[in-house]
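Visitor: So the sequence lines, in the order shown, correspond to chains A and B.
Sequential numbering of the first sequence, starting at 9, is according to the working numbering.
Sequential numbering of the second sequence, starting at 437, is according to the working numbering.
Glycine included, each C-beta is placed from N, C-alpha and C at the ideal position.
This structure is a prediction, so every number in the text was calculated from the model and none was measured.
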Amino acid sequence: MNVGTAHSEVNPNTRVMNSRGMWLSYILGIGLLHVILLSIPFASVPVVWTLTNLIHNLCMYLLLHTVKGTPFETPDQGKARLLTHWEQMDYGVQFTASRKFLTITPIVLVHICSAITRPVLVFEEESSPKRSKFKLSQL
Amino acid sequence: MTESPATKPADGDVCQRVKNGLNLEKNGVLKSLHRCHEQQPKHHCQPEEEEVHAASHHDSQYNRPFLESFEETPMLVAVLTYMGYGILTIFGYLRDFLRHWKIERCHIAREKEEQRDFVPLYQDFENFYTRNLYMRIRDNWNRPICSVPGAKVDLMERTSRDYNWTFEYTGRVVLDVINLGSYNYLGFAENTGPCADSAAEITMKYGVGVASTRQEIGNLDRHEELEKLVAKFLGVESAMVFGMGFATNSMNIPALTGKGCLILSDELNHASLVLGARLSGSTIRVFKHNNMQSLEKLLRDAIVHGQPRTHRPWKKILIVVEGIYSMEGSIVRLPEVIDLKKRYRAYLYLDEAHSIGALGSRGRGVVDYFGLDPCDVDVLMGTFTKSFGAAGGYIAGKWELIEYLRSHSHSAVYATSMSPPVVEQIITSMKCIMGEDGTTIGCDRVRKLAENTVYFRRRLREMGFIIYGNEDSPVVPMMLYMPAKIGAFGREMLKRNIGVVVVGFPATPIIESRARFCISAAHTKEMLDRALSVISEVGDLLQLKYSRRRIQPSLSLPCDDIVFEDIDD
Chain A
9 MNVGTAHSEV
19 NPNTRVMNSR
29 GMWLSYILGI
39 GLLHVILLSI
49 PFASVPVVWT
59 LTNLIHNLCM
69 YLLLHTVKGT
79 PFETPDQGKA
89 RLLTHWEQMD
99 YGVQFTASRK
109 FLTITPIVLV
119 HICSAITRPV
129 LVFEEESSPK
139 RSKFKLSQL
Chain B
437 MTESPATKPA
447 DGDVCQRVKN
457 GLNLEKNGVL
467 KSLHRCHEQQ
477 PKHHCQPEEE
487 EVHAASHHDS
497 QYNRPFLESF
507 EETPMLVAVL
517 TYMGYGILTI
527 FGYLRDFLRH
537 WKIERCHIAR
547 EKEEQRDFVP
557 LYQDFENFYT
567 RNLYMRIRDN
577 WNRPICSVPG
587 AKVDLMERTS
597 RDYNWTFEYT
607 GRVVLDVINL
617 GSYNYLGFAE
627 NTGPCADSAA
637 EITMKYGVGV
647 ASTRQEIGNL
657 DRHEELEKLV
667 AKFLGVESAM
677 VFGMGFATNS
687 MNIPALTGKG
697 CLILSDELNH
707 ASLVLGARLS
717 GSTIRVFKHN
727 NMQSLEKLLR
737 DAIVHGQPRT
747 HRPWKKILIV
757 VEGIYSMEGS
767 IVRLPEVIDL
777 KKRYRAYLYL
787 DEAHSIGALG
797 SRGRGVVDYF
807 GLDPCDVDVL
817 MGTFTKSFGA
827 AGGYIAGKWE
837 LIEYLRSHSH
847 SAVYATSMSP
857 PVVEQIITSM
867 KCIMGEDGTT
877 IGCDRVRKLA
887 ENTVYFRRRL
897 REMGFIIYGN
907 EDSPVVPMML
917 YMPAKIGAFG
927 REMLKRNIGV
937 VVVGFPATPI
947 IESRARFCIS
957 AAHTKEMLDR
967 ALSVISEVGD
977 LLQLKYSRRR
987 IQPSLSLPCD
997 DIVFEDIDD
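1. Measure the beta-carbon distance from residue 631(B) to residue 865(B) and round it to whole angstroms, keeping in mind my assumption that it falls under 8 Å.
2. Determine the closest residue to residue 973(B) out of 950(B), 934(B) and 550(B), with distance taken between C-alpha atoms.
3. Span of the beta strand (DSSP E) holding residue 913(B)?
4. Assuming residue 951(B) contacts residue 938(B) under a Cβ cut-off of 8 Å, what Cβ separation, rounded to an integer in Å, is found between them?
5. Tell me, please, which residues DSSP counts as bridged to residue 151(A).
6. So what does DSSP say about residue 615(B), is it helix, strand or coil?
7. With 8 Å as the threshold, decide whether the Cβ of residue 979(B) is near any Cβ in chain A.
8. Who are the near neighbours of residue 485(B) in its chain, counting only those whose CB is closer than 6 Å to its CB and skipping five residues on each side?
9. Pull the bridge partners of residue 760(B) from the DSSP assignment, please.
10. In whole angstroms, what is the alpha-carbon distance linking residue 22(A) and residue 538(B)?
11. For residue 91(A), decide whether its Cβ has a neighbour in chain B, counting only Cβ atoms nearer than 8 Å.
12. Buried or exposed for residue 731(B), going by 16 or more other Cβ atoms inside 10 Å?
13. Tell me, please, whether the stretch 640–651 of chain B touches the stretch 770–786 of chain B by the rule of three or more beta-carbon pairs shorter than 8 Å.
14. Whose C-beta lies closer than 8 Å to the C-beta of residue 899(B) among residues of the same chain, with five residues either side of it excluded?
15. For the stretch 84–118 of chain A, enumerate the residues whose C-beta is nearer than 8 Å to any C-beta of chain B, in chain order.
16. Is the beta carbon of residue 658(B) sitting closer than 8 Å to the one on residue 856(B)?
17. Taking contact to mean at least 3 C-beta pairs separated by less than 8 Å, is the stretch 719–737 of chain B in contact with the stretch 656–670 of chain B?
18. Compare the C-beta of residue 486(B) with all C-beta atoms of chain A and state if any pair is closer than 8 Å.
19. Helix, strand or coil: which one does DSSP assign to residue 19(A)?
20. Are residue 562(B) and residue 80(A) close, meaning C-beta to C-beta below 8 Å?
21. Can you grab the Cα-Cα spacing for the pair residue 882(B) / residue 716(B), in whole Å?
22. Show which residues of chain B have a CB atom less than 7 Å away from the CB atom of residue 68(A).
23. Would you tell me roughly how many angstroms separate the C-alpha atoms of residue 814(B) and residue 627(B), rounded to the nearest one?
24. Should residue 559(B) be labelled buried (16 or more other beta-carbon atoms within 10 Å of its own) or exposed?
25. Can at least three beta-carbon pairs, one atom from the stretch 860–879 of chain B and one from the stretch 647–662 of chain B, be found at a separation below 8 Å?
26. Name the residues in the stretch 854–873 of chain B whose C-beta lies less than 8 Å from a C-beta of chain A; which are they?
27. Apart from the five residues on each side of it in sequence, which residues of its chain come closer than 8 Å, Cβ to Cβ, to residue 615(B)?
28. Mind checking residue 50(A): buried by the 16 CB within 10 Å criterion, or exposed?
29. Terminal residues of the continuous alpha helix (DSSP H) containing residue 921(B)?
30. Do residue 416(B) and residue 833(B) have their C-beta atoms closer together than 8 Å?
Pasting the structure below:
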């Protein structure tokens, strides 16, 4: 393996998200995380979905927007050393298919999550007639 | 190749058999077809699974079927490959954590204690891949060999007690390993025979070193004779030789183009061409691999819009392609490139590093393979490393071009000239290939290589492996995909006494790691059969037979008697 070889593809990191099967693997990865969290005995389904959402967001934030540079040496003399993976994707071209996909996934996930853990305002009569409270209950 | 083909055929059922001309898809992707198979039964192949490139709409320019295939990665395999890399990354982070907290011993180069607060010398993260992935399977590369790299080679046996961080030699030598990795296409890497004898003789006369550059006092009469011979071999006016193949590209492209010129280079060009293009200071635009529509689009855009800001016309447009791409095994579509070059008045630089001697009925390279005129290519470049068993490179073309290069090339002015025994080896082997030494050895070898190539590729296809590239190219990349299989394949093959070269990310796209076989004319049929049975055995063990196309094993040889069948799995 020529680690750090010079060919036309200066930074192989830029093409990783476009590779065949990457999007499917990403979705399956979220699914796997969800299933693992579901196996925790005392967690209810809404809690698990919330946890999935949180852990997914945290991991994606760390991997895409915090870690800078490439895990291998590139022949571009360090141009990508200060760039996060998100900035490196497609050499900085905005609104490519992968970027749109990666933007939409957390949005979809958070909508699913809030649909599952939907809070409902319930008007409950307390024992004393003078006071009544709104109580948030989870379905 | 890593993306799904953007076009699917409009009618998804059958690959049509068309005799002349073919269907052009809407955005120019060419459909697959085989020519002259009128009596074959209709078959159902699954065109959306693969891209099979066949002859173009300039049908008359191809005097033989141009069959290339790059079968697409099965989706399950891609997902598992990503999973493999993901697990390796997680473990990499874990091990890095352990190393940082000194729980585990750190073998990699570190800064001295007293320089800890200085600006760091080493970027830790940039070595992540080397530390955590490459080191695990490092024993598949840099294997020391201790004999001539012919069809069989001897390896020094080595072991590692600390998981490939350091190696120890056991002292034993692994003998007669079948060599499927050396670029020995015509079998001239030998230590006996007329080439070796003449090289030894010339060493006695001239010594080994030249001790000067070509321009000063290092221009031997053997160099002049070699250059005349190379020009005659290729069918051009004049040629010039250099001591190193890589340096031929990287030092001569800057002499040919400069600022204000445009270089159109293929996506998968070799490191030397990329380096040469970058050193020259020209604008570089990359077109999709072997894709003539992409090249034409770039040419038109370049000519219409001119230089980036000033819109002045380009001083020169140089199209840089290779004869055989060694990572893919594909052959350039030379007739179409020449046609484009003539239409748009660009220059063509053809790097025949792997194809000279290996392709063509007379062994004269890709120009001979397509039956074209070598004067159409402006700069013919090649190396002597692969088919001639020597070292060094050449550039050939018109007389004025070569005279210009003699004084303006960095390699001619500053680099030492080629060593005399190497020169003699090339002279003898080239005369052998041309038939001028009075025997038919050269001719036989060229033919044997072509036969071996066709046989090997056909058998591998029949076994069910995914092979990339053109049917006639002696470079055979076999897909492995998963990172663990890279290491496993190399080691299992060595256990069974066969030496192969495996390549992975980042030299290839992330999921497309491969094993690359180089067929040689020195391989006998028994060696190839043994290699094939071992590859099949290891393929079953590691489950490498991913191909969705199955070819019925045919005992008769003509390569157009191939029937494709559907597999239901």
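Guide: Let me lay it out:
1. 5 Å
2. 934(B)
3. 911–915
4. 5 Å
5. Outside the displayed span of chain A (9 to 147) sits residue 151(A), for which this structure offers no information.
6. strand
7. It does not: the Cβ of residue 979(B) has no partner Cβ on chain A nearer than 8 Å.
8. Caution applies to residue 485(B), whose pLDDT of 44 falls short of 50 and renders its modelled position unreliable; the model cannot decide the point.
9. 767(B)
10. 33 Å
11. no
12. Only buried fits residue 731(B), as 16 or more other CB atoms lie within 10 angstroms of its CB.
13. no
14. Correct list, in chain order: 968, 971, 972, 975 and 981.
15. 89
16. yes
17. no
18. Confidence at residue 486(B) is low in this model, with a pLDDT of 47, below 50, so its placement is unreliable and the value that follows should be read with caution. Not one chain A Cβ lies under 8 Å of residue 486(B).
19. coil
20. In contact: residue 562(B) and residue 80(A) (Cβ atoms closer than 8 Å).
21. In a straight line, the C-alpha of residue 882(B) is about 36 Å away from that of residue 716(B).
22. Within 7 Å Cβ-Cβ: nothing; residue 68(A) doesn't reach chain B, min ~14 Å.
23. About 36 Å.
24. Residue 559(B) counts as exposed, since fewer than 16 other beta carbons sit within 10 angstroms of its beta carbon.
25. yes
26. Of all residues in the stretch 854–873 of chain B, none has a Cβ within less than 8 Å of some Cβ in chain A.
27. 585, 586, 587, 588, 589, 935 and 956
28. exposed
29. Here the alpha helix (DSSP H) through residue 921(B) covers 919–931.
30. Beyond the ends of chain B as shown, which are 437 and 1005, falls residue 416(B); an answer cannot be given.
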